[in-house]
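In what follows, a structure is listed as structure tokens, so that the remarks can point back to it.
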Amino acid sequence: MERTLCGPVSWLPSQQHDWSSHCQRRGSPVCSEERRLRDRKHLDDITAARLLPLHHLPAQLLSIEESLALQKQQKQSYEEMQAKLAAQKLAERLNIKMQSYNPEGESSRKYREVRDEGDDQSSDDEF
């Protein structure tokens, strides 16, 4: 029959132990520290895997207003990123390239430029 004070103990009551030291530590932070060390030793015995150290700040309590503002901001930035990505994919898919378009060639452009200059001179003569 085993007795439990601060957790499972693997010795029999017939063995001689200092009960007073165990009773004083019962429920104290020392018991939790012992439990943590025992659990860590147990993990070391059964696996070589280690938990990664915590790199982030612990969770923080926010008011509802702050939480809503954060959620709205995150939603807006997410939608903007989605729109940019969709526009980029669409442009790649359609293979759109902006180039100058001149169906009539250079001669029509020169003719129009000369004509525009002549129209300006004739309108000046009328005034």
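Each residue of the sequence shown is one higher than the one before, starting from 1 at the first, in UniProt numbering.
Every residue, glycine too, gets a C-beta built ideally from N, C-alpha and C.
- Message: So within the stretch 19-82, which uninterrupted alpha helix (DSSP H) runs reach at least 4 residues, ignoring any that extend past its ends?
- Response: 19-25 and 29-46
- Message: Whole angstroms are fine: how far does the CA of Leu61 sit from the CA of Asn95?
- Response: 48 Å
- Task: Would you tell me roughly how many angstroms separate the C-alpha atoms of Ser67 and Tyr101, rounded to the nearest one?
- Result: 52 Å
- Message: Just to confirm my understanding: we take Arg40, look at its own chain, exclude 5 residues before and 5 after, and list those with CB closer than 6 Å. What are they?
- Response: none
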